[in-house]
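Mapped onto our numbering, the consecutive letters of the sequence shown carry residue numbers 3 to 180. Take a look at the structure below.
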Amino acid sequence: MDALAELTSEQGYEATKISDIVKRAGVARKTLYDNFEGKEEVFLEAFDSARDEVLRRVEEGGSEGDWEARIEGGLAAFLGYVAEQPTLARMCMIEALSATPATTKRYEDTLETFVELTRGTLPDDTRLPNTIAETLVGGVAWIVYQQIRRGEAERAEDLLPELTEFMLAPYLGAGMAE
3 MDALAELTSE QGYEATKISD IVKRAGVARK TLYDNFEGKE EVFLEAFDSA RDEVLRRVEE
63 GGSEGDWEAR IEGGLAAFLG YVAEQPTLAR MCMIEALSAT PATTKRYEDT LETFVELTRG
123 TLPDDTRLPN TIAETLVGGV AWIVYQQIRR GEAERAEDLL PELTEFMLAP YLGAGMAE
């Protein structure tokens with residue numbers, strides 16, 4: 003799974019061949035096929051593993067304090083993962099969008115998981131649109147996507163102050179969110 007993540011990060015999903023994966027992983031082709039049906043299944047398993055780890059970290063990081071502290075803690079955990087695992091972050095946030103219909107769906111389902119987690123953390127505010135959680139998660143995903151595309155995933159944690167302000171501002175006002 004690590005070999006696939008590295009290769010898709012370097013050359014894209016489409017250009018990555020089974021022969022590349024087994025060579026990079028140092029395993030026999032038979033070993034790969036004994037464990038996976040093919041390249042897409044390896045990708046999905048790697049994606050699921052990364053998603054589960056990020057979700058665990060975000061839930062843990064956002065578990066204490068008031069809602070503002072939980073939002074900031076969850077964001078810090080997410081950005082920390084991106085900085086620590088830039089290859090997996092690229093695979094999950096960039097390559098998944100265009101690799102196959104199944105990987106795109108997995109990405110969309112994962113975003114929905116983070117929307118629900120965010121919705122459960124944010125306070126109720128009837129002045130804001132019902133889509134505020136989607137807007138906030140989508141905005142964070144877009145900014146992080148751009149950071150990864152620029153080859154600056156290792157600096158993702160630098161985004162924490164700005165993204166925290168972005169997520170808090172609809173509730174606190176721009177001046178108070180800083």
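All residues carry an ideal CB built from backbone N, CA and C; glycine is no exception.
Item: Collapsed DSSP secondary structure at N37 in the structure displayed; Value: helix
Item: Spatially closest choice to E16 from T123, I96 and E66, by CA coordinates; Value: I96
Item: Three-state class that DSSP yields for G75 in the structure shown; Value: helix
Item: Per-residue DSSP class, three states only, for K19; Value: coil
Item: Identity of the residue in T106, R31 and Y83 nearest V56 by Cα; Value: Y83
Item: Under 8 Å between C-beta atoms of L113 and A143; Value: yes
Item: Sub-8 Å separation of D22 and L34 beta-carbons; Value: no
Item: C-alpha gap between A7 and F168, whole angstroms; Value: 30 Å
Item: N-terminal and C-terminal residue of the alpha helix (DSSP H) that A91 is part of; Value: P88 to M95
Item: Straight-line Cα distance separating N37 from P125; Value: 44 Å
Item: Rounded separation between A2 and V139 - CA only; Value: Here the chain has residues from 3 to 180 only, and residue 2 is not among them.
Item: Three or more C-beta pairs below 8 Å linking the stretch 92 to 110 and the stretch 150 to 162; Value: yes
Item: Close Cβ partners of E159 (< 7 Å) along its chain, the five nearest in sequence each way excluded; Value: L81, G82 and A85
Item: Secondary structure of L162, DSSP reduced to three states; Value: helix
Item: G122 to L165 span [Cα, whole Å]; Value: 18 Å
Item: Contact set for R53: own chain, Cβ-Cβ below 6 Å, skip 5 residues either direction; Value: T112
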